[in-house]
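Residue numbers (our numbering), protein chains in the order written: chain H, 1 to 211; chain V, 1001 to 1211; chain G, 2001 to 2211; chain D, 3001 to 3211.
There are 4 protein chains.
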Amino acid sequence: MAVNETKVARKRAWQGAIQDADDQFAMKRQVVLRTAAQIFSRRGFHQTTLSDIADELHIAKPTLYHYFKSKDEILLEVQQAAIQQMLEAPVDPKANGFEQIRGFFHRYVEMIVDDFGTCLIMTGVTPLEPGNRSLVRKGSKSIELILRDMLKRGVEDGSIAPVDPKIAAKFMFGALNWIPYWYRSDGDLDVEGLADRAIEFVMRGLLKAPG
Amino acid sequence: MAVNETKVARKRAWQGAIQDADDQFAMKRQVVLRTAAQIFSRRGFHQTTLSDIADELHIAKPTLYHYFKSKDEILLEVQQAAIQQMLEAPVDPKANGFEQIRGFFHRYVEMIVDDFGTCLIMTGVTPLEPGNRSLVRKGSKSIELILRDMLKRGVEDGSIAPVDPKIAAKFMFGALNWIPYWYRSDGDLDVEGLADRAIEFVMRGLLKAPG
Amino acid sequence: MAVNETKVARKRAWQGAIQDADDQFAMKRQVVLRTAAQIFSRRGFHQTTLSDIADELHIAKPTLYHYFKSKDEILLEVQQAAIQQMLEAPVDPKANGFEQIRGFFHRYVEMIVDDFGTCLIMTGVTPLEPGNRSLVRKGSKSIELILRDMLKRGVEDGSIAPVDPKIAAKFMFGALNWIPYWYRSDGDLDVEGLADRAIEFVMRGLLKAPG
Amino acid sequence: MAVNETKVARKRAWQGAIQDADDQFAMKRQVVLRTAAQIFSRRGFHQTTLSDIADELHIAKPTLYHYFKSKDEILLEVQQAAIQQMLEAPVDPKANGFEQIRGFFHRYVEMIVDDFGTCLIMTGVTPLEPGNRSLVRKGSKSIELILRDMLKRGVEDGSIAPVDPKIAAKFMFGALNWIPYWYRSDGDLDVEGLADRAIEFVMRGLLKAPG
DNA sequence: CATGAATGAGTATTCATTCAT
DNA sequence: GATGAATGAATACTCATTCAT
Chain H
1 MAVNETKVAR KRAWQGAIQD ADDQFAMKRQ VVLRTAAQIF SRRGFHQTTL
51 SDIADELHIA KPTLYHYFKS KDEILLEVQQ AAIQQMLEAP VDPKANGFEQ
101 IRGFFHRYVE MIVDDFGTCL IMTGVTPLEP GNRSLVRKGS KSIELILRDM
151 LKRGVEDGSI APVDPKIAAK FMFGALNWIP YWYRSDGDLD VEGLADRAIE
201 FVMRGLLKAP G
Chain V
1001 MAVNETKVAR KRAWQGAIQD ADDQFAMKRQ VVLRTAAQIF SRRGFHQTTL
1051 SDIADELHIA KPTLYHYFKS KDEILLEVQQ AAIQQMLEAP VDPKANGFEQ
1101 IRGFFHRYVE MIVDDFGTCL IMTGVTPLEP GNRSLVRKGS KSIELILRDM
1151 LKRGVEDGSI APVDPKIAAK FMFGALNWIP YWYRSDGDLD VEGLADRAIE
1201 FVMRGLLKAP G
Chain G
2001 MAVNETKVAR KRAWQGAIQD ADDQFAMKRQ VVLRTAAQIF SRRGFHQTTL
2051 SDIADELHIA KPTLYHYFKS KDEILLEVQQ AAIQQMLEAP VDPKANGFEQ
2101 IRGFFHRYVE MIVDDFGTCL IMTGVTPLEP GNRSLVRKGS KSIELILRDM
2151 LKRGVEDGSI APVDPKIAAK FMFGALNWIP YWYRSDGDLD VEGLADRAIE
2201 FVMRGLLKAP G
Chain D
3001 MAVNETKVAR KRAWQGAIQD ADDQFAMKRQ VVLRTAAQIF SRRGFHQTTL
3051 SDIADELHIA KPTLYHYFKS KDEILLEVQQ AAIQQMLEAP VDPKANGFEQ
3101 IRGFFHRYVE MIVDDFGTCL IMTGVTPLEP GNRSLVRKGS KSIELILRDM
3151 LKRGVEDGSI APVDPKIAAK FMFGALNWIP YWYRSDGDLD VEGLADRAIE
3201 FVMRGLLKAP G
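Laid out in structure tokens, this is it:
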């Protein structure tokens, strides 16, 4: 009885996300990260106190320090997770430039509408301490280079127009990175559809169909 | 002698921007706003202290309170100034949709590479207290509606493809709003050229020239 | 195999000091005390965390609570041990004052260069909670009274000069208690020699040999 | 009226120690230092909170940060002040070693019964952050070297016995540094007398008068 | 108008201690 | 007996803001 009550209380305390498992530690870390990411995105990093996060998780503030050594580290890991998700994604080496870009867009949209990706964009790297800021910037740069390479490939294989990969990539990331500011996943447009729209936009823009 | 020295010191104190005039007050306010906008953009709102701003201006911290009643008000006015610049800009009522959009882009790019516009984007509205946040959001919405109307007009007069104005506007603002994160006005590309590239991008995207 | 490994690990965990025995508990307590005394002396009581002590012993922090009920108690027992060592030492009732003092010095120096005595002096009683502080102070007072009695005896039996026992004792303890701040037992001077020097100093001071 | 009340309140707030003066800032700093030194000595550095100091001065806690940038800096300056007092003291170059030592003792006793000197001894350097700790240690070493030189001189000019200056200095400082632990300036013995007793002790020790 | 001085409110972080396993 | 997890309590420090001059 008392035991069950305790277990139930435990589950509530961690938002029911923690199952019996040996890797509880890693899982709890993830729950903290996701919760923090959501609150950071909504209120901003500096307007979010560690109490906010702890309260949301129904745990005490110092408990967070069992899992992370500082508030900064929490944000860092959130953003690294988003970046990692992109860097780990496989690219079809046989596809042409355009097809690769389409795949990239789908993955990027998926990443960016997720809690971690949204936080990467909406919180930005400014709140991070210099060292960590560099780390995240380096990761973002890597992602950018992936798209640039696809653009180069597309230009060469003729699957897209002969654009300047650097500038084109900037505009494309702009269009994509703005998504968290307006897109709501509970609306008419699902993530899949959103990615399609994005592709369509960067491909055709406002140009009238020929003829 | 001593008097002259004082005057010289005074000028230095306000970065030399203040002339003898009755509207010194208004001008000093502007200098504060511009300085604050720059620092906010660079370091972020919460990482910028009023001392940072005062130091940059070679004045004392409480002096800022002669011109603004709070830190929040400073950010508000910075962002309102950027928005105002767009809302006041004239639109050619005789031009077709596409031409209107082109004009809009030029004005928007000009606005957004300026200190105030950059701060509007890079700081965002999250730091503002709720009331002021709504004000700025309302202003941004107005700007958005202007572009949407132009898109509608363009679709109707056939000068652009039949896009969904809401979605298209979002992607377009995304591409534009990302500019402060990468564009440096001291590089190869001048503001005029930047606007042209932006137009080009949203018109053609990556589409190959027909034939 | 696994069993043996565990045992070996256990031994390492307690620094190899614990043998199979029924009095393991008491021995482990001693090891904790000595380790704590060393760290307290080096870093200070408040700069030493229970984790520091536990880490040094390769045990977990809460394990310490099996042996002591609080950090304060650890310090208390360290200091009591040092004091006890002095209070238990036998005094030759037949010796004259000077000879008793010489014996006292030898014992006191031995005590004070030891981990416990060093901690008694270098940490002091300030960190202790009031009740415990009184206990230690009372013990220190007892030691002081022992020396005072010897001084009185020496004055009476003519083996030393007619000094004020109270003041003389203070200066003597000062000279002795400062030892932990400068003496290193791995240098040229061994503990025995150190005690001799101390005796010599308090006996002759800087006075030139007559003639 | 109201003005007077204010002034009175001000005086009370700074314990009446602040007079009208241009160097109020420096004076207030001194008052903070002295107050802090007293409380540090009584309760220990870590058991003293900034609130304790502020409360004693009837000011608010953050006000302390107008005068010092950290708690550590307060302790540092207290200890530096004590050391400075000794380093600045003039030494009679024509006096023999013994006479120099006697002067040194008088100055040292005066220093050490003062708030700053007492804090230097009773708090010690352990609480200081490493950089500051080195600074104070260096200062203490300088003082020690002064006494050693006097001892050498005394040995050479024959005014004292042929002692090892290093060891003798250690014992002498011990006797002196222990003073704050027992001496109360409101007792029978005044500071002057205390210094005389100290001299007497280190000169003759317990040695019986010849004959 | 300008500012040195002062402060209230707030926040990240530390750590001794408890407890369920 | 041993420990990972959790937490209450405490504290240094920051900063926007006020006020007397």
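All residues carry an ideal CB built from backbone N, CA and C; glycine is no exception. Remember, it's a predicted structure, so these values are computed and weren't measured experimentally.
- Listed along the chain, the chain G residues whose CB falls inside 8 angstroms of the CB of F3173(D) are W2178.
- In this structure, the straight-line span from the alpha carbon of A3013(D) to that of K3071(D) is close to 20 angstroms.
- At least one CB atom of chain G sits nearer than 8 angstroms to the CB of Q3047(D).
- Judged by DSSP in its simplified three-state form, S2070(G) adopts coil rather than helix or strand.
- Taken in chain order, the complete alpha helix (DSSP H) segments of 4 residues or longer contained in the region 3117 to 3173 of chain D are 3130 to 3157.
- A straight line joining the alpha-carbon of P62(H) with that of R3043(D) spans about 28 angstroms.
- Under the Cβ criterion of 8 angstroms, P3165(D) is not counted among the residues facing chain G.
- Shown in chain order are the members of the region 1125 to 1137 of chain V whose Cβ falls below 7 angstroms from a Cβ of chain H: T1126, P1127.
- Beta-carbon to beta-carbon, D115(H) and A37(H) are separated by about 4 angstroms, close enough to satisfy the 8 angstroms threshold.
- Chain D places a beta carbon closer than 8 angstroms to that of G2044(G), counting this residue as a contact.
- By the C-beta criterion, the region 2135 to 2149 of chain G is judged not to be in contact with the region 3021 to 3036 of chain D, since fewer than 3 inter-stretch pairs fall below 8 angstroms.
- Nearest to H1066(V) by C-alpha distance, out of A1082(V), S1134(V), R1029(V), M1122(V), is R1029(V).
- If one requires a minimum length of 4 residues, the alpha helix (DSSP H) runs lying completely within the region 12 to 62 of chain H are 24 to 43, 50 to 57, in chain order.
- For W3182(D), at least one C-beta of chain G is nearer than 8 angstroms to its own C-beta.
- Between V2109(G) and L2176(G), the C-beta spacing is below 8 angstroms.
- Chain V places no beta carbon closer than 8 angstroms to that of F104(H), leaving this residue out of the contacts.
- DSSP places G2193(G) in the uninterrupted alpha helix (DSSP H) bounded by 2191 to 2204.
- Identification of chain D residues near R2197(G) by a Cβ-Cβ cut-off of 7 angstroms yields I3167, ordered along the chain.
- A distance below 8 angstroms separates the beta carbons of G2097(G) and V2155(G).
- Straight through space, the alpha carbons of K2094(G) and K3138(D) are spaced by roughly 48 angstroms.
- Here F68(H) has I74 as same chain residues with Cβ atoms under 6 angstroms from its own Cβ, once five neighbours each way along the sequence are excluded.
- If you look at V3113(D), you'll find it in the alpha helix (DSSP H) that goes 3097 to 3113.
- For V202(H), the closest C-alpha among the options K1170(V), P1090(V), R1102(V) is that of K1170(V).
- Using a CB distance cut-off of 8 angstroms, A2095(G) does not count as an interface residue toward chain D.
- For A1161(V), at least one C-beta of chain H is nearer than 8 angstroms to its own C-beta.
- Look at P180(H) here: in three-state DSSP terms it is helix.
- Taking C-beta atoms under 8 angstroms as the contact rule, M3172(D) and Q3100(D) fail to qualify, at a distance of about 13 angstroms.
- With contacts defined by Cβ atoms closer than 8 angstroms, T1126(V) and Q47(H) form a contacting pair.
- Short of 8 angstroms from the beta carbon of S41(H), and not among the five residues preceding or following it, lie these beta carbons of its own chain, in chain order: D115, T118, C119, M122, T123, P180.
- Excluding its 5 nearest sequence neighbours in each direction, L2050(G) has C-beta neighbours in its own chain below 8 angstroms: K2061, L2064, K2071, listed in chain order.
- Residue environment analysis places S1140(V) among the buried positions, since at least 16 neighbouring C-beta atoms fall within 10 angstroms of its C-beta.
- Within its own chain, the residues whose Cβ lies closer than 7 angstroms to the Cβ of E129(H), once the five positions on either side in sequence are excluded, are D72, listed in chain order.
- Judged by beta-carbon spacing, L76(H) lies beyond the 8 angstroms limit of L33(H), meaning their Cβ atoms are not closer than that value.
- Going by beta carbons, M1111(V) and Q1079(V) fall outside the 8 angstroms limit.
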